[in-house]
Ligand code: ATP
Ligand code: MG
Ligand code: FE
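Residue numbers (full-length UniProt numbering): 5 to 347.
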């Protein structure tokens, strides 16, 4: 089946076209530049940008993929979670398209889509797969029996998401929003010279929060360290701070992900979400998975951050596995739980 996927949960208007398990084209329009000066995504600005970008992005995706809308067999859309107004633009567009074309609509979870996109990159996901979702708003370890069924969350962040920590630390270091890619780049010029805290990895914390994460203490530790340097009138070694912070995040993430694989007898780890684009996380996960005999699957960086291909990829799985389509009355669900795959 040819599935058109629409993503508008945050600031990227994404339209992807997937045929079965093959990505035909992924078109993205981002309003990130309009938000940068506010240091975060402004919901009203994002919704308006989605409205303006929607039709041109759909047209570009079809043109580049060499298909027409009449060829589309199903429409998939992010129904949640995300910014309510932004989601509404995508959901309304998808409903209109499904109705006009007379094809089924699949409202899917943005977070499950971050996992499902790996299928168009590396083929069918082994069942079960342990997925580590690390993005701007979430950080969870998920046991995925099959991407079209509800997942089981083994643990998640108890405070900030991993991407949020990257963005906040970037702000402390005076780097632009969104900070993840800037920290990644800065860290390449530095060395791991500072031993920042690894939250929830020892003693009773580890017992009580075996597969949970905490990044807010780490962010505070970095801010304090930088303030102390500044107060002493010393130069802040930006690249070393970035490298040391990044090392702490990736150490905790990879350690807990591999432990979860071991304890649940799962031989495959998939990493998805914007933070999965991080070069150090990818390298460390590969080293540690190789050592543990676990197969690692991470999509190319451009498919880790928000895009329409991920939504089309999950939609195509819903069609291939014969899952019932969504009702045309589905709402945009800004707080859709991470465990719920479809609407
Ligand atoms: P969610 O998926 O939880 O709804 P989101 O859609 O806003 O959140 P994504 O687009 O999946 O998030 O990821 C964006 C996050 O990924 C931002 O916090 C950004 O800083 C981070 N990120 C992007 N590239 C990198 C990188 N190379 N290194 C670290 N973090 C990165
Ligand atoms: Mg974004
Ligand atoms: Fe996302």
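Cβ coordinates follow ideal geometry from the N, Cα and C atoms, glycine included.
{"Item": "Do residue 331 and the ligand ATP come close, with the Cβ less than 8 Å from some heavy atom?", "Value": "no"}
{"Item": "Using DSSP with H/G/I as helix, E/B as strand and the rest coil, what is residue 249?", "Value": "helix"}
{"Item": "Where residue 234 and residue 96 are concerned, what is the direct C-alpha to C-alpha distance, given to the nearest angstrom?", "Value": "50 Å"}
{"Item": "According to DSSP, is residue 287 helix, strand or coil?", "Value": "helix"}
{"Item": "If residue 272 and residue 299 are in contact, beta carbons under 8 Å, what's the gap, nearest whole angstrom?", "Value": "5 Å"}
{"Item": "Buried or exposed, going by whether 16 or more other CB atoms sit within 10 Å of the CB of residue 137?", "Value": "buried"}
{"Item": "Just checking residue 16 against the ligand ATP - is the residue's beta carbon closer than 8 Å to any of the ligand's heavy atoms?", "Value": "yes"}
{"Item": "Over the uninterrupted alpha helix (DSSP H) stretch that includes residue 61, give me the two end residues.", "Value": "47 to 69"}
{"Item": "Just to confirm the assignment: which complete beta strand (DSSP E) runs, minimum length 3, are found wholly within the region 142 to 168?", "Value": "143 to 148, 156 to 160"}
{"Item": "Would you mind sorting residue 7 into buried or exposed? The rule is 16 or more other CB atoms within 10 Å of its CB.", "Value": "buried"}
{"Item": "If distances are taken between C-alpha atoms only, which option among 169, 280, 115 comes closest to residue 224?", "Value": "169"}
{"Item": "Let's test the definition: count the other Cβ atoms within 10 Å of the Cβ of residue 30 and tell me whether it reaches 16, buried, or not, exposed.", "Value": "buried"}
{"Item": "Out of curiosity, what's the CA-to-CA distance linking residue 86 and residue 344?", "Value": "14 Å"}
{"Item": "Around the ligand ATP, which residues pass a check of Cβ closer than 5 Å to any of its heavy atoms?", "Value": "14, 139, 140, 141, 142, 167, 170, 171, 182, 184, 185, 188, 277, 278, 279, 281, 282, 309, 310"}
{"Item": "For the beta strand (DSSP E) holding residue 240, just list the boundary residues, first then last.", "Value": "Run containing residue 240: none; DSSP gives neither H nor E here."}
{"Item": "For residue 93, report the span of its alpha helix (DSSP H) as first-last.", "Value": "88 to 105"}
{"Item": "What residue range is occupied by the uninterrupted alpha helix (DSSP H) comprising residue 299?", "Value": "Counting along the chain, residue 299 falls outside any alpha helix (DSSP H), though it belongs to the beta strand (DSSP E) covering 299 to 301."}
{"Item": "Can you check whether the CB of residue 183 is closer than 9 Å to the CB of residue 260?", "Value": "no"}
{"Item": "On the three-pair Cβ rule with 8 Å, is the region 206 to 215 touching the region 77 to 85?", "Value": "no"}
{"Item": "To which residues of the same chain is residue 162 closer than 6 Å at the C-beta, ignoring the five residues directly before and after it?", "Value": "216, 218"}
{"Item": "Would you mind reading off the limits of the alpha helix (DSSP H) that contains residue 124?", "Value": "122 to 126"}
{"Item": "Under the criterion of a Cβ to heavy atom distance below 8 Å, does residue 157 qualify as lining the ligand MG?", "Value": "no"}
{"Item": "Have a look at residue 314 and residue 61 and give me their C-alpha separation to the nearest angstrom.", "Value": "15 Å"}
{"Item": "So, are the CB atoms of residue 98 and residue 139 less than 9 Å apart?", "Value": "no"}
{"Item": "Does the Cβ-Cβ distance between residue 47 and residue 89 come in under 9 Å?", "Value": "yes"}
{"Item": "Is it right to say residue 103 is buried, meaning 16 or more other beta carbons lie within 10 angstroms of its own, or is it exposed?", "Value": "exposed"}
{"Item": "Considering Cα atoms alone, identify which of 318, 341, 335, 333 is closest to residue 24.", "Value": "318"}
{"Item": "Comparing the CB of residue 34 with every heavy atom of the ligand MG, is any distance shorter than 8 Å?", "Value": "yes"}
{"Item": "Can the beta-carbon of residue 54 be found closer than 9 Å to that of residue 17?", "Value": "yes"}
{"Item": "DSSP puts residue 274 in a beta bridge; with which residues?", "Value": "135, 301"}
{"Item": "Beta carbon of residue 262, beta carbon of residue 308: below 9 Å?", "Value": "no"}
{"Item": "Should residue 312 and residue 57 be called a contact, given that it needs their Cβ atoms to be closer than 9 Å?", "Value": "no"}
{"Item": "Which value, in whole angstroms, describes the spacing of the CA atoms of residue 151 and residue 331?", "Value": "20 Å"}
{"Item": "Using 10 angstroms around the beta-carbon of residue 278, count the other beta-carbons present and answer buried if the total reaches 16, otherwise exposed.", "Value": "buried"}
{"Item": "Taking Cβ positions, are residue 248 and residue 302 nearer each other than 9 Å?", "Value": "no"}
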